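Number of protein chains: 2
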Amino acid sequence: MKFQNDKLRENEERDKRIKKNLAKIRHKIVIFSGKGGVGKTMFSCNLSYALLKDGFKVGLLDADITGPNVPKMIGLKGQPVANSEEEIIPLQKERLKVISIASLIPSDAPIIWRGPLRSTALSQFLGDVVWGELDFLIADLPPGTGDEVLTMAQKMKPDMAIIITTPQEIALTDSRRATNMAKRLNISHIGIVENMSGFICPECGYKIELFGRGGGKKEAEKLGVLYLGDIPLNIKVRERADEGIPIILEDDKADISQRIRKIARKIEEILN
Amino acid sequence: MKFQNDKLRENEERDKRIKKNLAKIRHKIVIFSGKGGVGKTMFSCNLSYALLKDGFKVGLLDADITGPNVPKMIGLKGQPVANSEEEIIPLQKERLKVISIASLIPSDAPIIWRGPLRSTALSQFLGDVVWGELDFLIADLPPGTGDEVLTMAQKMKPDMAIIITTPQEIALTDSRRATNMAKRLNISHIGIVENMSGFICPECGYKIELFGRGGGKKEAEKLGVLYLGDIPLNIKVRERADEGIPIILEDDKADISQRIRKIARKIEEILN
């Protein structure tokens with residue numbers, strides 16, 4: 003019983019720390035998807051920098067514990083350190099504050115953690131990281147509707163959920179599940195972004211509908227949620243992401259950067 | 003205490019049922035990946051039919067509880083029923099025995115289950131489904147290294163793990179984690195398949211290296227595991243998958259079908 007009471011008190015204290023820490027953050031956004039591989043992390047990183055470029059203070063929380071890719075995608079190196087109060091100081095890259103399990107463990111090590119342990123890690127990211135005053139905290143979630151997503155919805159209390167989908171039917175089915183989960187969790191604003199929306203052949207300029215096109219918008223209308231915009235598939239973006247450079251930082255004038263910045267402004271309008 | 007004892011006995015009995023049920027299955031293969039959206043389910047469905055075409059008895063277990071897409075991808079309709087002993091009779095599609103949570107719940111409903119509940123569902127799929135005598139049981143796992151993957155490795159005791167990757171650097175990093183997990187779980191045979199390996203423009207025939215190329219093979223050599231082959235990206239395969247028709251059943255002569263059948267024969271050789 004003593005052990006259980008200790009555990010209970012520990013949880014209560016952690017929840018208090020989370021509440022206090024998040025009180026300094028104006029808007030909290032979760033980025034998720036039903037299906038994997040639709041570009042959540044690409045979007046999360048570029049959206050964060052788009053918001054920064056608009057003059058806001060932004061933090062990015064990599065909530066994918068078993069497949070954390072944020073540091074790699076923005077070229078973030080190093081390990082966060084703790085201050086004297088045992089709080090974690092987030093790393094920064096071009097003024098973006100970032101926390102990811104990938105910065106804390108070796109890059110090849112498999113993270114074989116069951117749900118409760120993953121949830122504890124996320125609670126620490128929310129309660130024990132010195133985010134400071136932020137306009138936006140963006141959480142990049144793993145695909146599906148599992149433990150991480152539930153924990154983040156319950157502890158972070160986001161005011162917006164953005165569901166990333168590709169236009170193909172199978173991704174849309176999974177997005178429907180993700181959207182319905184966001185509704186059930188009573189998240190105030192829910193929006194859909196269609197990624198990999200068409201693709202231009204670099205040789206002949208032919209527009210290839212690799213995964214179809216337009217499904218995201220139709221789906222948003224059907225589900226009665228916001229449609230935030232679409233982003234085409236671009237080899238350059240993929241290559242630069244592999245090299246750790248978000249397209250928005252490299253080429254702000256590119257069509258894809260402009261589209262992401264437009265989506266960022268829509269989000270600012272909705273939340274402000 | 004009584005409740006705890008009941009629970010313990012229940013778990014023990016379930017493990018016994020799993021052992022008995024799986025004793026009738028010659029080879030058990032888990033398909034997984036570090037990153038989502040790399041084509042695990044496409045591969046699992048087509049590999050299952052490739053093995054069937056070679057004259058084997060095959061079962062396909064959809065172990066992705068929060069994003070189950072197997073039924074949609076093979077056009078499987080209907081709900082499995084239970085027999086008098088409360089065992090579940092798997093549905094069949096072209097002689098392939100299939101179990102998926104998607105056949106048991108409405109298609110739009112989000113599956114908001116934490117890890118332990120998802121693991122229980124998987125234990126039931128292993129112990130309470132009437133698989134009968136099988137040459138191969140293929141399990142299509144969710145991405146990452148979370149609860150489902152751990153449960154399947156521990157309860158199913160697979161003799162082979164196949165890691166699907168795309169050639170892009172970020173997918174390869176995640177594959178490294180997945181491969182190292184398979185090693186740590188002492189799975190006898192570990193192989194890598196490179197999916198979305200190049201893409202031909204349908205208009206001009208130009209070979210587009212959308213996600214790069216050849217990374218899977220290099221990675222397999224570096225990690226000291228088997229390299230099973232590569233599969234190019236093909237719009238037709240994606241479209242047919244959206245319509246519920248695996249390419250192998252529709253066009254066995256297509257380049258992509260031939261590549262998958264070659265991979266299937268490699269697997270048969272390795273395990274037989």
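As given, the protein sequences belong to chains Y and U, one line each in that order.
In terms of our numbering, the first sequence is residues 3 to 274.
In terms of our numbering, the second sequence is residues 3 to 274.
Backbone N, C-alpha and C fix where the C-beta goes; we use that ideal spot for every residue, glycine too.
In this text the structure is predicted, and so the values were computed from the model without any measurement.
Cross-chain neighbours of residue i in chain Y, by beta carbon under 7 Å
i                 : result
Glu171 of chain U : Asp244
Asn13 of chain U  : Chain Y residues near Asn13 of chain U: none, gap ~15 Å exceeds 7 Å.
Pro144 of chain U : Gly146
Met183 of chain U : Pro112 and Ile114
Three-state secondary structure (DSSP) of residue i
i                 : result
Arg28 of chain U  : strand
Tyr229 of chain Y : strand
Ile247 of chain U : coil
Val40 of chain Y  : coil
Asp142 of chain U : strand
Pro73 of chain U  : helix
Gly129 of chain U : helix
Ala84 of chain U  : strand
Pro118 of chain Y : helix
Gly214 of chain U : strand
Phe34 of chain U  : strand
Asp56 of chain Y  : coil
Asp8 of chain Y   : helix
Leu2 of chain Y   : Outside the shown range of chain Y (3 to 274) lies residue 2 of chain Y, about which nothing can therefore be said.
Ser17 of chain Y  : The question names Ser, but residue 17 of chain Y is Asp in the sequence shown. Asp17 of chain Y: helix per DSSP, three-state reduction.
Lys255 of chain Y : coil
Lys209 of chain Y : strand
Leu136 of chain Y : strand
Leu78 of chain U  : coil
Cutoff 8 Å: residue i Cβ touching any chain Y Cβ
i                 : result
Phe45 of chain U  : no
Phe127 of chain U : no
Ser109 of chain U : yes
Glu252 of chain U : no
Ala154 of chain U : It should be noted that the sequence gives Met, not Ala, for residue 154 of chain U. No - not a single Cβ of chain Y is within 8 Å of the one on Met154 of chain U.
Met158 of chain U : no
Val60 of chain U  : no
Pro112 of chain U : yes
Ile189 of chain U : no
Tyr208 of chain U : yes
Ala52 of chain U  : no
Asp149 of chain U : yes
Lys99 of chain U  : no
Gly216 of chain U : no
Ala180 of chain U : yes
Residue i: first and last residue of the uninterrupted beta strand (DSSP E) it sits in
i                 : result
Ala195 of chain U : What sits at residue 195 of chain U in the sequence shown is Val, not Ala. First-last of the beta strand (DSSP E) with Val195 of chain U: His191 to Ile202.
Leu98 of chain U  : Leu98 to Ile101
Ile164 of chain Y : Met162 to Thr167
Residue i vs residue j beta-carbon contact at 8 Å
i                 : j                 : result
Ile31 of chain Y  : Met162 of chain Y : yes
Ile114 of chain U : Thr147 of chain Y : yes
Cys206 of chain U : Cys203 of chain Y : yes
Met75 of chain Y  : Thr43 of chain Y  : yes
Pro234 of chain Y : Phe201 of chain Y : yes
Glu150 of chain Y : Leu187 of chain Y : no
Ser35 of chain Y  : Ile189 of chain Y : no
Gly129 of chain U : Asn274 of chain U : no
Asp142 of chain Y : Leu62 of chain Y  : yes
Arg120 of chain U : Gln170 of chain Y : no
Asp8 of chain U   : Lys59 of chain U  : no
Val40 of chain U  : Ile91 of chain U  : no
Gly218 of chain Y : Glu196 of chain Y : yes
Leu230 of chain Y : Lys255 of chain Y : no
8 Å Cβ cutoff, residue i in contact with chain U
i                 : result
Val32 of chain Y  : no
Glu205 of chain Y : yes
Val239 of chain Y : no
Val40 of chain Y  : yes
Thr122 of chain Y : no
Arg16 of chain Y  : no
Arg116 of chain Y : yes
Asn274 of chain Y : no
Leu212 of chain Y : yes
Element boundaries [alpha helix (DSSP H), containing residue i]
i                 : result
Gln94 of chain U  : Run containing Gln94 of chain U: none in the alpha helix (DSSP H); it sits in the beta strand (DSSP E), Leu93 to Lys95.
Asp176 of chain Y : Glu171 to Arg186
Ala65 of chain Y  : Neither: Ala65 of chain Y is in no alpha helix (DSSP H) and is coded neither H nor E.
Thr153 of chain U : Asp149 to Met158
Asp110 of chain Y : Segment: none, Asp110 of chain Y is in no alpha helix (DSSP H) and carries neither H nor E.
Under 9 Å by beta carbon: chain Y residues contacting residue i
i                 : result
Phe138 of chain U : The premise fails here: Phe138 of chain U is roughly 24 Å from chain Y at the closest Cβ pair, so nothing lies under 9 Å.
Lys74 of chain U  : Glu171, Ile172 and Thr175
Cross-chain neighbours of residue i in chain U, by beta carbon under 8 Å
i                 : result
Leu78 of chain Y  : Ordered by position in chain U, no residue passes the 8 Å Cβ test against Leu78 of chain Y, which lies about 14 Å from the chain.
Asp176 of chain Y : Gly69 and Asn71
Chain U residues whose Cβ lies nearer than 9 Å to that of residue i
i                 : result
Arg186 of chain Y : Pro112 and Ile114
Lys37 of chain Y  : Gly38, Gly39, Gly69 and Asn71
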